[in-house]
Amino acid sequence: MTRLSPPAPPMHNRPATPPPRPAGRVIPAMLITISLAYLTLFLFLPLITVFTEALRKGFATYAAAYSDPAALAAIRLTLLVAAIAVPLNLVFGLCAAWAIAKFEFRGKRLLITLIDIPLAVSPVISGMIYVLLYGGNSLLGARLLDADIQIIFAVPGIVLATIFVTLPFVARETIPLMEAQGIEEEQAAMTLGAGPFQTFFRVTLPNVKWAVLYGVILCNARAMGEFGAVSVVSGHIRGKTNTLPLHVEILYNEYNFVAAFAMASLLTLLALMTLLLKSIVEHRSRHAAPDPVTRIPTLVTATPEPQT
Amino acid sequence: MSIEVHHVSKHFGTYTALHDVCLTVPTGQLVALLGPSGSGKTTLLRIIAGLEPADPAPHPEGAIYFHSRDVAGINARDRQVGFVFQHYALFRHMTVFENIAFGLRVRRRRDRPSRSEIRSRVQELLELVQLEGLAQRFPNQLSGGQRQRVALARALAGEPKVLLLDEPFGALDAKVRKELRTWLRNLQKDLHVTTLFVTHDQDEALEVADQIVVMNHGRIEQIGTPDQVFHHPASEFVMRFLGDVNTFHGRVNRGTVQFSSLELPFPHERQQIAGEARVFVRPYDVTIDTKSNGLPCLEARVVRIHSAGPLVRVELVTSTQQHLISEISQERFATMQLEPESRVFVRPRHIRVFASEPEVQNPPTAEATTHSAN
Numbered sequence: 000m001t002r003l004s005p006p007a008p009p010m011h012n013r014p015a016t017p018p019p020r021p022a023g024r025v026i027p028a029m030l031i032t033i034s035l036a037y038l039t040l041f042l043f044l045p046l047i048t049v050f051t052e053a054l055r056k057g058f059a060t061y062a063a064a065y066s067d068p069a070a071l072a073a074i075r076l077t078l079l080v081a082a083i084a085v086p087l088n089l090v091f092g093l094c095a096a097w098a099i100a101k102f103e104f105r106g107k108r109l110l111i112t113l114i115d116i117p118l119a120v121s122p123v124i125s126g127m128i129y130v131l132l133y134g135g136n137s138l139l140g141a142r143l144l145d146a147d148i149q150i151i152f153a154v155p156g157i158v159l160a161t162i163f164v165t166l167p168f169v170a171r172e173t174i175p176l177m178e179a180q181g182i183e184e185e186q187a188a189m190t191l192g193a194g195p196f197q198t199f200f201r202v203t204l205p206n207v208k209w210a211v212l213y214g215v216i217l218c219n220a221r222a223m224g225e226f227g228a229v230s231v232v233s234g235h236i237r238g239k240t241n242t243l244p245l246h247v248e249i250l251y252n253e254y255n256f257v258a259a260f261a262m263a264s265l266l267t268l269l270a271l272m273t274l275l276l277k278s279i280v281e282h283r284s285r286h287a288a289p290d291p292v293t294r295i296p297t298l299v300t301a302t303p304e305p306q307t
Numbered sequence: 000m001s002i003e004v005h006h007v008s009k010h011f012g013t014y015t016a017l018h019d020v021c022l023t024v025p026t027g028q029l030v031a032l033l034g035p036s037g038s039g040k041t042t043l044l045r046i047i048a049g050l051e052p053a054d055p056a057p058h059p060e061g062a063i064y065f066h067s068r069d070v071a072g073i074n075a076r077d078r079q080v081g082f083v084f085q086h087y088a089l090f091r092h093m094t095v096f097e098n099i100a101f102g103l104r105v106r107r108r109r110d111r112p113s114r115s116e117i118r119s120r121v122q123e124l125l126e127l128v129q130l131e132g133l134a135q136r137f138p139n140q141l142s143g144g145q146r147q148r149v150a151l152a153r154a155l156a157g158e159p160k161v162l163l164l165d166e167p168f169g170a171l172d173a174k175v176r177k178e179l180r181t182w183l184r185n186l187q188k189d190l191h192v193t194t195l196f197v198t199h200d201q202d203e204a205l206e207v208a209d210q211i212v213v214m215n216h217g218r219i220e221q222i223g224t225p226d227q228v229f230h231h232p233a234s235e236f237v238m239r240f241l242g243d244v245n246t247f248h249g250r251v252n253r254g255t256v257q258f259s260s261l262e263l264p265f266p267h268e269r270q271q272i273a274g275e276a277r278v279f280v281r282p283y284d285v286t287i288d289t290k291s292n293g294l295p296c297l298e299a300r301v302v303r304i305h306s307a308g309p310l311v312r313v314e315l316v317t318s319t320q321q322h323l324i325s326e327i328s329q330e331r332f333a334t335m336q337l338e339p340e341s342r343v344f345v346r347p348r349h350i351r352v353f354a355s356e357p358e359v360q361n362p363p364t365a366e367a368t369t370h371s372a373n
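Protein chains in written order, with numbering that gives the first Met the number 0: chain R, 0 to 307; chain B, 0 to 373.
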């Protein structure tokens, strides 16, 4: 047998570009104008304002805002919270996706719905739940306080609230792709002698790595930018329980606009970086897998909300 | 290593996918599971591979043996079968090399070959499947036939004693399919690995297999060599499934078969039956003549002629409004000068008779026909 594949037939006899229809120019132009006007009004103007306000009194004042110990503490706390919440939600998201996409069990749809709850609930209510559960007035919270463990108005509460709010991202990005890929490759791995963990780490996970990374980026952005839930549980103790978004609000309320916008610009930069990473990941995943099925699905697109 | 299947059944909810199936695949043979879709052939293959559990003990002796070792409690991972999936299921993020090496890489440390051993083994397999230059390609950069051969090389990497293939050529175009199946047959004979493959294409099964297992509605209709199932079908279903047939309703009475206006001797190779019967004639067993030669025959009218092909296919309608198809050689066609509306005399050269069953959906099995003869 010399040649198995027959000569490829001409695949695309692409028709010549169709002549432009009468409405072919007016409508796109109109749509683009509307979109641009909308974006300018609601996106570009605020974005530019953040940086112009931050730099209004010169770069020295802008830099000074970062030397404030409270600001540094807020940045440190924000990084700490993200460093705890993101890995935990990564592990949870992978476990949930693995279970939902590759195994059959009762209550699967219910689990998928449960994962969405943090997206459906207002962040303020998420924070309230933790206050009610772990606050000094609750049974559990009182017990913990007796044992000298403070959850609410302390770092643990902030971490818990952030975990809750950012819980869906990795799972939501990973599940649809894993489900679309089916279980044939896993079965093939099994017949080749691979155990369940070998199969997961060598076959299942590499096939969804871009979706997972995408989920992690979104999760991180939200973890650093979350305001509502964290605001309720934090207690706003300067230098102790203020994350970056909360610190921005305090500075703003003190009429310290330059410092407030300086901090906000940091969050904005984080958002822009997230967008950049996101498009890099999308680009990479598209090039790694021309197969349309393996493309990253765009489900939840959340960018941090700089509170200004 | 031989495969023995004893009394295996499988239900999906209320649907019976397999009904009390028994089967033996002798060591080193190439056996085809042949049947229409929904006949349970893929389910049987997946149960043998351990990818699907059989129904728990519907029969006291229900079991699957690999070389007289019961594999019921052994999962797919440890059965050491090579399985080739219908759509190949190649690992899309791995190169051809990595795909083939996978089975060796995931072995427990003490059984795992060294890096250089894996490299040379993969190289050997790439040569075997004639893909030497493509080791660094990804599956989506290969043609269907190439993917198929990667899947085969991957399945063979661990030197399995049993090779199972699910519709191995189903997704390929006709020409590639023909080349590949001849190649697979030669490869199987060289490697001498017990092989079971699923197909719905009777030509493929007849051409490639040592033994054919014809399945229908979760039951085995007949097991035999290609010659046996083709020339001596055990049931109406096998007769119909392995090629075109002309069907008549008839009666068997004291050694003769009556159908249409004909009365022919009962074919002596088969056990006698009596009463209502169905009579089958393959198109190439229908002879046509423009003159009556005195032998019992049917009068018919030519409706349509297809002469493109090795045989000429003539569609006929008898005087009793029965539609018939006859296949004759090009030479014979040329001497007769047939054309539509020609009047001809038709004679079945060879008939096969099966007792009529009230239910057409469950064709009689070989046993049923034999019993009704007594």
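Every residue, glycine too, gets a C-beta built ideally from N, C-alpha and C.
With DSSP as the reference, label residue i as helix, strand or coil.
| i | result |
| --- | --- |
| Tyr-64 of chain B | strand |
| His-230 of chain B | helix |
| Arg-191 of chain B | Contrary to the premise, residue 191 of chain B reads as His rather than Arg in this sequence. The answer is coil: DSSP assigns His-191 of chain B none of H, G, I, E or B. |
| Leu-263 of chain B | strand |
| Ile-350 of chain B | coil |
| Ala-153 of chain R | coil |
| Val-301 of chain B | strand |
| Val-4 of chain B | strand |
| Val-257 of chain R | helix |
| Ser-355 of chain B | coil |
| Leu-43 of chain B | helix |
| Thr-375 of chain B | This structure does not reach residue 375 of chain B, given that chain B is present from 0 up to 373, and the question cannot be answered. |
| Val-229 of chain R | helix |
| Thr-198 of chain B | strand |
| Asn-219 of chain R | helix |
| Ile-219 of chain B | strand |
| Thr-319 of chain B | coil |
| Ala-146 of chain R | coil |
| Val-30 of chain B | strand |
| Val-280 of chain B | strand |
| Asn-136 of chain R | coil |
| Lys-101 of chain R | helix |
| Arg-201 of chain R | helix |
| Ala-307 of chain B | coil |
| Gly-238 of chain R | coil |
| Asn-374 of chain B | Residue 374 of chain B is absent from the model: chain B starts at 0 and stops at 373. |
| Ser-38 of chain B | coil |
Which whole-angstrom value is the C-beta distance of residue i and residue j, which I expect to be below 8 Å?
| i | j | result |
| --- | --- | --- |
| Val-95 of chain B | Leu-133 of chain B | 5 Å |
| Val-85 of chain R | Ala-222 of chain R | 6 Å |
| Leu-44 of chain B | Leu-163 of chain B | 5 Å |
How would you write the range of the alpha helix (DSSP H) that residue i sits in, first residue to last?
| i | result |
| --- | --- |
| His-246 of chain R | 243-252 |
| Leu-162 of chain B | Unbroken run through Leu-162 of chain B is the beta strand (DSSP E), 161-165; no alpha helix (DSSP H). |
| Asp-202 of chain B | 201-207 |
| Tyr-14 of chain B | Run containing Tyr-14 of chain B: none in the alpha helix (DSSP H); it sits in the beta strand (DSSP E), 14-24. |
| Pro-115 of chain R | Here residue 115 of chain R turns out to be Asp, not Pro, going by the sequence shown. Run containing Asp-115 of chain R: 107-119, per the alpha helix (DSSP H) assignment. |
| Leu-151 of chain B | 143-155 |
Tell me, please, which residues DSSP counts as bridged to residue i.
| i | result |
| --- | --- |
| Ser-325 of chain B | B:Val-313 |
| His-10 of chain B | B:Thr-15 |
| Glu-275 of chain B | B:Arg-250 |
| Arg-342 of chain B | B:Arg-300 |
| Thr-255 of chain B | B:Asn-252, B:Pro-264 |
| Asn-245 of chain B | B:Val-280 |
Could you check where the beta strand (DSSP E) with residue i kicks off and where it finishes?
| i | result |
| --- | --- |
| Gln-129 of chain B | From DSSP, Gln-129 of chain B is part of no beta strand (DSSP E); its letter is neither H nor E. |
| Phe-240 of chain B | Segment 235-240 is the alpha helix (DSSP H) holding Phe-240 of chain B; no beta strand (DSSP E) there. |
| Val-212 of chain B | 210-215 |
| Asp-288 of chain B | 285-288 |
Considering only heavy atoms of the ligand SAM, does any lie closer than 7 Å to the CB of residue i?
| i | result |
| --- | --- |
| Gln-85 of chain B | You won't find the ligand SAM in this model; it holds no ligand whatsoever. |
Using a Cβ cut-off of 7 Å, pull out every chain A residue sitting near residue i, in sequence order please.
| i | result |
| --- | --- |
| Gln-197 of chain R | Of the chains in the structure shown, none is chain A; the protein chains are R and B. |
Those runs of the alpha helix (DSSP H) which lie wholly inside the region 64-124 of chain B and span at least 4 residues: Taken in chain order, the whole alpha helix (DSSP H) runs of length 4 or more contained in the region 64-124 of chain B are 95-104.
4 or more residues per run - each alpha helix (DSSP H) lying fully within the region 34-73 of chain R: 44-53, 57-66
Every unbroken alpha helix (DSSP H) within the region 160-197 of chain R, with a cutoff of 4 residues, ordered by chain: Complete alpha helix (DSSP H) runs here, min 4: 167-180, 183-190.
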